[in-house]
Amino acid sequence: MAESVQPNPTHVVAVIGGATAGSEIARILAERKTAVIVVEQNPRPYGKIEDGLPRWHVKQRRDEYEEINKRLDHPNIHYLPLTRLGRDLDFNELREGWGLSAVVLTNGAWRDRPFPVDGADEWIDKGLVYQNPLIYWFNHYPEASYNGPRYELQPGATVVGGGLASIDVVKVLQIEMTLKGLAARGIREDMLKLEREGIEPVLKHHNLAWSDLGVAPCTLYYRRRVLDMPLSDISPDAPPKRAEAMRLARAKILEKAQRKFLFEFRELSVPTGLIVENGRMTGIQMSRTEVADGKVRTVPDSARPVLAPMTISSIGSIPEPLAGIPTKGEVYQYVNADIGLLLEGRTAIYAAGNVLTGKGNIKDSLVSGTQIGTHIAETYLGLKPEGPGVPLTDAARERAHQEGLRMAASIEARELLSSEKVANILARVRERQRAIGYEGGYRGWIKKVTPADLQ
Ligand SMILES: Cc1cc2nc3c(=O)[nH]c(=O)nc-3n(C[C@H](O)[C@H](O)[C@H](O)COP(=O)(O)OP(=O)(O)OC[C@H]3O[C@@H](n4cnc5c(N)ncnc54)[C@H](O)[C@@H]3O)c2cc1C
1 MAESVQPNPT
11 HVVAVIGGAT
21 AGSEIARILA
31 ERKTAVIVVE
41 QNPRPYGKIE
51 DGLPRWHVKQ
61 RRDEYEEINK
71 RLDHPNIHYL
81 PLTRLGRDLD
91 FNELREGWGL
101 SAVVLTNGAW
111 RDRPFPVDGA
121 DEWIDKGLVY
131 QNPLIYWFNH
141 YPEASYNGPR
151 YELQPGATVV
161 GGGLASIDVV
171 KVLQIEMTLK
181 GLAARGIRED
191 MLKLEREGIE
201 PVLKHHNLAW
211 SDLGVAPCTL
221 YYRRRVLDMP
231 LSDISPDAPP
241 KRAEAMRLAR
251 AKILEKAQRK
261 FLFEFRELSV
271 PTGLIVENGR
281 MTGIQMSRTE
291 VADGKVRTVP
301 DSARPVLAPM
311 TISSIGSIPE
321 PLAGIPTKGE
331 VYQYVNADIG
341 LLLEGRTAIY
351 AAGNVLTGKG
361 NIKDSLVSGT
371 QIGTHIAETY
381 LGLKPEGPGV
391 PLTDAARERA
401 HQEGLRMAAS
411 IEARELLSSE
421 KVANILARVR
431 ERQRAIGYEG
441 GYRGWIKKVT
451 PADLQ
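Take the sequence shown: its position 140, counting from 1, is numbered 140 in the working numbering, and each next residue is one higher.
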C-alpha cells in the first residue's frame with residue numbers, strides 16, 4: 001500500500017524495474033522491513049514476460065504475472081509506475097539528492113544489439129526491423145487499446161540471429177503469414193493452434209498445403225555453425241562426449257522447429273553490406289564465414305546479395321545506457337560483478353537480473369534477484385532474515401553467503417535512516433504517485449491499468 005507510513009527508522013532502497021528480478025529483490029528487502037520504492041517505466045511491472053516472451057506462452061505468462069503481483073503486493077513496497085529513470089527521474093538526483101540506502105538496477109536488456117553493418121540504423125522501419133519492438137507489437141496488437149507501432153509482415157523476410165529469441169521471431173513470421181494466407185481464403189484460424197500443432201497439420205485440416213498459400217518462407221541466417229547455436233546451455237566443464245551430444249541436440253532442436261514452422265536456415269553467414277533502393281533497405285550483402293578454434297572469420301570477397309522485403313535483426317539485447325552509469329563496451333562497468341556492485345558510496349548502486357547476467361531467461365533473472373537481494377539485505381544493509389527467512393535454493397543462499405563474506409570486510413552494515421529522512425523520501429514518492437494518478441494500492445492500480453484483453 002502506497003500510503004503506509006514507516007513509523008520507525010529503516011533503510012530505503014529504490015529498485016528500478018519491477019519485473020522478475022526487481023520484484024524478487026523488492027520482496028526480499030520488504031520482508032526485512034526495508035521500505036522499497038519500485039520505479040517502473042510502464043504502467044504494469046511485468047517486463048519481458050509481457051513484452052518479450054511471445055503471447056503463445058499463455059499459462060506461463062499469466063502465472064508469472066501473478067508471481068510478480070504477489071511479490072510486489074507488500075505494505076513496505078511503494079510502487080511508482082509510469083516513471084522512467086533517465087527521463088522522469090534523473091539518476092544523479094536519485095543517487096545524491098534522495099538520501100537512499102541503495103539503488104538496484106533491474107532494468108533488463110531492452111536495447112537491440114546494433115545491426116553489424118555501418119549505417120544500418122538509417123533504415124529502421126524502412127526495410128530493417130529490430131526484434132524487441134517487433135515482439136512487443138506481436139504481443140500487444142490484438143488489444144483494442146493498442147496504439148504502438150504496427151508492422152506489416154512480408155513473405156520471404158530475412159532474419160539475422162541464431163539464439164532462442166530468433167527462433168521465436170521466425171515462428172512469429174511464419175505463423176502470421178499462414179494466418180494471413182488463410183484469411184485471404186476466408187479461413188480464420190487460431191494462432192495458438194498453429195503454434196501448438198505446427199503449420200502443416202493445421203493447413204491439412206483445411207485440405208491445403210503450404211505451397212497452396214504461395215508464400216515465400218522466411219530465412220534465418222546464423223554466423224556460426226548450426227552446432228554452435230545457443231539453443232541449449234553447454235556447461236564449460238561438460239565432458240567432451242556430453243558436450244558433443246548437446247551440440248547434436250541443438251541441431252535437432254532447429255530441425256524440429258523447421259519441420260513445424262517451415263522456415264529456411266543458412267549457417268555460416270554474416271551481413272557485410274546493405275542494399276538500398278528508392279529510399280528503402282531492400283536487402284543485405286551476406287558473406288560466408290569459417291569457424292576455427294571457436295573464432296568466426298569472414299571469408300573475403302564472398303559477399304552475395306540477399307534481397308528481402310524486410311530484414312529482422314535478432315542478434316541479442318543489451319542494457320540501455322543510463323547517464324551516470326559507466327559502461328564497458330555493450331554492458332555496464334562493475335566494481336564487482338559477482339555481487340552486482342556498480343558504484344560504491346553513501347548510496348551504493350547495484351544491478352541484478354538480465355542487465356547483470358546478460359542471460360535472457362526468467363530463471364536466471366530470478367536467481368540473480370534472489371542472490372543480489374540477499375546480499376544487499378544481509379551484507380550491505382546488515383539485515384538478517386526474520387523467522388524462517390526468505391526461501392532460497394541452497395545454491396543461491398550459499399553463493400549469496402560467500403559473496404557476503406567477501407564484501408563484509410569492505411562494507412559495513414549501513415546505518416538506518418531516521419524517521420524524518422524516511423518520511424521525506426516517501427513524501428517525494430507520494431508526490432509522483434499523485435502526479436501520475438496512482439491510487440488504490442498496488443492491486444487496485446493493476447486492475448485499473450490492465451486491459452481486459454491483455455494476453
Ligand atoms: C522473444 C523472447 C523470448 C523469450 N523466451 C523466453 C523463454 O522461453 N523462457 C525464458 O525463461 N525466458 C525467455 N525470454 C527472456 C525472459 O523473458 C527475460 O530474460 C526475463 O524475463 C528478464 O527479466 P528481468 O527482470 O531481468 O528483466 P525485464 O523483464 O526486462 O524487466 C526490466 C524492467 O525494467 C523496466 N525498465 C527498463 N528500463 C527502465 C527505466 N529506465 N526506468 C524504469 N523502469 C525501467 C522495464 O519496463 C521492465 O519492467 C524471452 C525473451 C524474449 C525477448
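For glycine and all other residues, C-beta sits at the position ideal for the given N, C-alpha and C.
Query                                                                                                                                                            : Result
Of the residues 286, 76, 332 and 68, which one's Cα is nearest the Cα of residue 37?                                                                             : 76
Considering only their Cβ atoms, is the gap separating residue 54 from residue 135 smaller than 8 Å?                                                             : yes
Using 8 Å for Cβ pairs, my map puts residue 313 next to residue 115. What's the rounded Cβ distance?                                                             : 4 Å
Assuming residue 249 contacts residue 232 under a Cβ cut-off of 8 Å, what Cβ separation, rounded to an integer in Å, is found between them?                      : 6 Å
What are the complete beta strand (DSSP E) segments, minimum 3 residues, inside the segment 308–354?                                                             : 311–313, 341–343 and 348–351
Taking the C-alpha atoms as reference points, what is the distance between residue 197 and residue 324?                                                          : 48 Å
Measure the C-alpha to C-alpha separation of residue 372 and residue 209 and round it to an integer number of angstroms.                                         : 52 Å
Sorted by chain position, which residues of the same chain lie with C-beta nearer than 8 Å to residue 397's C-beta, five sequence neighbours on each side aside? : With a pLDDT of 49 at residue 397, under the threshold of 50, the modelled position of that residue is not reliable, and the figure given next carries that caveat. The answer, listed in chain order, is 374.
Taking DSSP as the reference, what is the three-state secondary structure of residue 419?                                                                        : helix
Does the beta-carbon of residue 168, which I'm using as the reference point, lie nearer than 7 Å to any heavy atom of ligand 1?                                  : yes
Can we say the segment 295–307 touches the segment 131–149, given the rule of at least three CB pairs closer than 8 Å?                                           : no
Spatial neighbours of residue 176 within its chain, please: C-beta separation below 6 Å, excluding the five flanking residues on both sides.                     : 153
Quick check: the Cα distance between residue 450 and residue 46, rounded to an integer number of angstroms?                                                      : 11 Å
Quickly, what does DSSP pair residue 460 with across the bridge? List them, please.                                                                              : Because the chain here runs from 1 to 455, residue 460 falls outside it and cannot be looked at.
CB of residue 70 to nearest heavy atom of ligand 1: below 7 Å?                                                                                                   : no
Between the alpha carbons of residue 156 and residue 264, how many angstroms are there, rounded?                                                                 : 10 Å
Which term fits residue 217, buried or exposed, when burial requires 16 or more other beta carbons within 10 angstroms of its beta carbon?                       : buried
Helix, strand or coil, according to DSSP, for residue 285 in the structure here?                                                                                 : strand
According to the Cβ coordinates, are residue 98 and residue 191 closer than 8 Å?                                                                                 : no
Find out if the Cβ-Cβ distance for the pair residue 327, residue 281 is shorter than 8 Å.                                                                        : no
Grouping DSSP H, G and I as helix and E and B as strand, with all else coil, what is residue 120?                                                                : helix
If you compare alpha carbons, which of 266, 447 and 287 is closest to residue 274?                                                                               : 287
In this structure, does DSSP put residue 140 in helix, strand or coil?                                                                                           : helix
I need the straight-line Cα distance from residue 381 to residue 105, nearest angstrom please.                                                                   : 17 Å
If you draw a straight line from the alpha carbon of residue 363 to that of residue 279, how long is it in whole angstroms?                                      : 43 Å
So what does residue 265 bridge to, in DSSP terms?                                                                                                               : 220
Roughly how many whole angstroms lie between the Cα atoms of residue 350 and residue 70?                                                                         : 23 Å
Compute the Euclidean distance between the alpha carbons of residue 100 and residue 284, then round it to the nearest angstrom.                                  : 49 Å
Pick out whichever of 62, 257, 317 and 383 has its Cα sitting closest to the Cα of residue 356.                                                                  : 317
Report the partner residues of residue 270 according to the DSSP bridge assignment.                                                                              : 287
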